[in-house]
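Below is one structure, written out as structure tokens, with a few remarks after it.
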Ligand SMILES: Nc1ncnc2c1ncn2[C@@H]1O[C@H](COP(=O)(O)OP(=O)(O)OP(=O)(O)O)[C@@H](O)[C@H]1O
Ligand SMILES: [Mg+2]
């Protein structure tokens, strides 16, 4: 018998501070940087040619736009700008990328930073409800865990941009107690690197975006893999700058808090389970791409006993892949009809 959902399209969305992605049962896999921009005035509208721009296109045209990155430190920014509207635009845009047929029912699982889930669940629900027929909002690390079949005695550490989210799985849907969020993640590294470079090279001209790109290209922790030199203008002329130590210090600055939170969360479990969880930790998020980070954390955690850490293969889509899998597996009674 044909079920009602047979004509539906299932989507998993990872709504992130810096990047948002979608995976759909139709095969679509797309991502954008989580920026939304609206033309400032009618001249800007003529220049950019459309009423709303996303991701890197919005960033490139930022001088003509009212630009918004709606999530900050894992929460929807309040009051300052059009953040809720921007979340709505991102969701709409991502869903349009899956090209659903008109009238096709959309079942969406949306993964958001754990704190957004706590404080902005209603706002997220409102933002998504216009575009889908059924919805479930889950935390990002739970979506990652589900996608990797890590349902029991495991831990996901998702090092994103605004937050690092932790989630322990012990054979049931994780509760608030099983999850924790800290604010030391990619954006924090960028701030540290920016200030270290300002200190070392006060006469050189660079901005936060350049600093983030340096990090994404050269990030490492632990042993120095090579000398890192980048071109930065000084008095209008390009000059090579050595940034090796600054990259190392900035990337390592997030690690003590990650180690501390991991050990604290695991310590709450029965010793028998502690050993199992410690042997099944997975590192996700863009921060898992920092060279040497898996080895560094594994050896720091070994001080508290045997421990095995793996990294996800595809940090960009691990959250949305997991959310899609959840959407496809979820029994009807869990869906929230809209
Ligand atoms: N090769 C890399 N080395 C270090 N950091 C990287 C690298 N590639 C991406 N990043 C950083 O990872 C972060 C983005 O990761 P991710 O897409 O998981 O975050 P997000 O889901 O948008 O954020 P959040 O989960 O906090 O909402 C950014 O800070 C980005 O600069
Ligand atoms: Mg994320």
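Residue numbers (the working numbering): 84 to 421.
Virtual Cβ for every residue (Gly too), placed ideally from N, Cα, C.
Bear in mind that the values here come from a model prediction, so they are computed numbers and not experimental data.
Proximity of the beta carbon of residue 347 to ligand 2 is not indicated: no heavy atom of the ligand is located closer than 7 Å. Just so you know, the alpha carbons of residue 278 and residue 292 end up roughly 13 Å apart. According to the DSSP secondary-structure assignment, residue 137 is paired through a beta bridge with 119. Note on geometry: alpha-carbon atoms of residue 304 and residue 372 lie some 11 Å from one another.
In its chain, beyond the 5 residues on either side, 366, 392 and 394 have a beta carbon closer than 6 Å to the beta carbon of residue 377. Taking a contact as a CB-CB distance under 8 Å, the pair residue 329 and residue 280 counts as one, their CB atoms being some 6 Å apart.
Exposure of residue 125 is indicated by the presence of fewer than 16 other C-beta atoms within 10 angstroms of its C-beta. Residue nearest to residue 335 within the set 385, 267 and 344 is 267 (criterion: CA-CA distance).
Annotation for residue 173: 98, 103, 115, 117, 119, 137 and 153 place their beta carbon closer than 8 Å to its own, counting only its chain and skipping 5 residues before and after. Ranking 156, 195 and 169 by CA distance to the CA of residue 150 puts 169 first. The beta carbon of residue 237 is closer than 6 Å to those of 252 and 363 in its chain, skipping five residues each way along the sequence.
For residue 175, the shortest C-beta to heavy atom distance toward ligand 1 is 7 Å or greater.
Across the set 340, 287, 399 and 243, the C-alpha of 287 shows the shortest separation from the C-alpha of residue 313.
Taking the Cβ of residue 373 as the reference point, at least one heavy atom of ligand 1 falls within a distance shorter than 7 Å.
At least one heavy atom of ligand 2 is found less than 7 Å from the C-beta of residue 223.
Bounds of any alpha helix (DSSP H) do not take in residue 214, whose DSSP letter is neither H nor E. Per DSSP, reduced to three states, the secondary structure at residue 393 is strand. In the three-state reduction of the DSSP assignment, residue 128 falls in the helix class, which pools H, G and I. Residue 315: member of the beta strand (DSSP E) spanning 312-317, first to last residue. Annotation: residue 356 to residue 228 spans about 17 Å, alpha carbon to alpha carbon. DSSP places residue 176 in the helix class (H, G or I) of the three-state scheme. A distance below 7 Å between beta-carbons, with the five flanking residues on each side excluded, links residue 144 to the following residues of its chain, in chain order: 120, 131 and 136.
Note that the stretch 192-209 touches the stretch 401-418; at least 3 beta-carbon pairs, one per stretch, sit closer than 8 Å. Residue 188 holds the alpha-carbon nearest to the alpha-carbon of residue 215 among 225, 231, 226 and 188. The shortest C-alpha to C-alpha distance from residue 265 to any of 283, 273 and 241 is the one to 241.
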